[in-house]
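Every position in the sequence shown, counted from 1, becomes a number in my numbering once 288 is added.
Contents: one structure, followed by commentary.
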Amino acid sequence: MSTMSARIVSFEPIANNSARILILGSMPGEASLKAGQYYAHTRNTFWKIMGELIGFDPQAPYAQRVTALTLAGIALWDVLHSCYREGSLDSAIKNDSIEVNDFNAFLAQHPHITRVCFNGAAAAKCYQKHVLPTCKHTAIHYMRLPSTSPAHAALSFEQKVMAWRTAIGTAHAMHD
């Protein structure tokens, strides 16, 4: 067992110029970092929920799932650029090691984003504490959604889908 956590670095954002919704996690877990893919843990329900809402096979190859998201106007990123953390739990992130992503630059490059959805409470709290005080973009609606992580078992899959549909489904439907 390691006594020291390692500095981990998140992925580049998945986004195109027509993105209208940005979904933010906190930091990829170990399975995702190892696979080099967002939400790669087999029990994370992110892709299953997105497949249900957007209409793609959540078992499709990663590149196809990413394409389905971008075609639906959805961007994907993490609040944190890097941090020290042992394991995959948000609670293990060392607060004094947090470096956030550059949201002012990202939002300036993606001017159609009007909604930011947080995949869980940790992403929302981290954004509120470390990003919002210096965020220059004010025409954004923020929504905290139930985490798709297997560690968040308080809600059933169906309850999570309903909550995510409220945020993603309505915004997605407006531009079909």
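All C-beta atoms, glycine included, are put in the ideal place defined by N, C-alpha and C.
Quantities reported herein were computed from a predicted structural model and do not represent experimental measurements.
Check                                                                                                           : Outcome
Selection from Asn392, Ser370, Trp452 and Thr333 that minimises the alpha carbon distance to Ala441             : Thr333
C-beta contact flag for Asp366 and Phe445 at 9 Å                                                                : no
CB contact flag (Ile311, Cys414, <9 Å)                                                                          : no
Span separating the alpha-carbon of Thr358 from that of Thr454                                                  : 19 Å
Reference Met450; option with closest CA among Phe344, Glu340 and Ala393                                        : Glu340
Other residues of its chain near Ala411: CB distance less than 7 Å, five sequence neighbours each side excluded : Leu312, Gly313, Ser314 and Val367
Exposed unless 16 or more other CB atoms sit within 10 angstroms - verdict on Thr330                            : exposed
Coarse secondary structure for Asp390, derived from DSSP in three states                                        : coil
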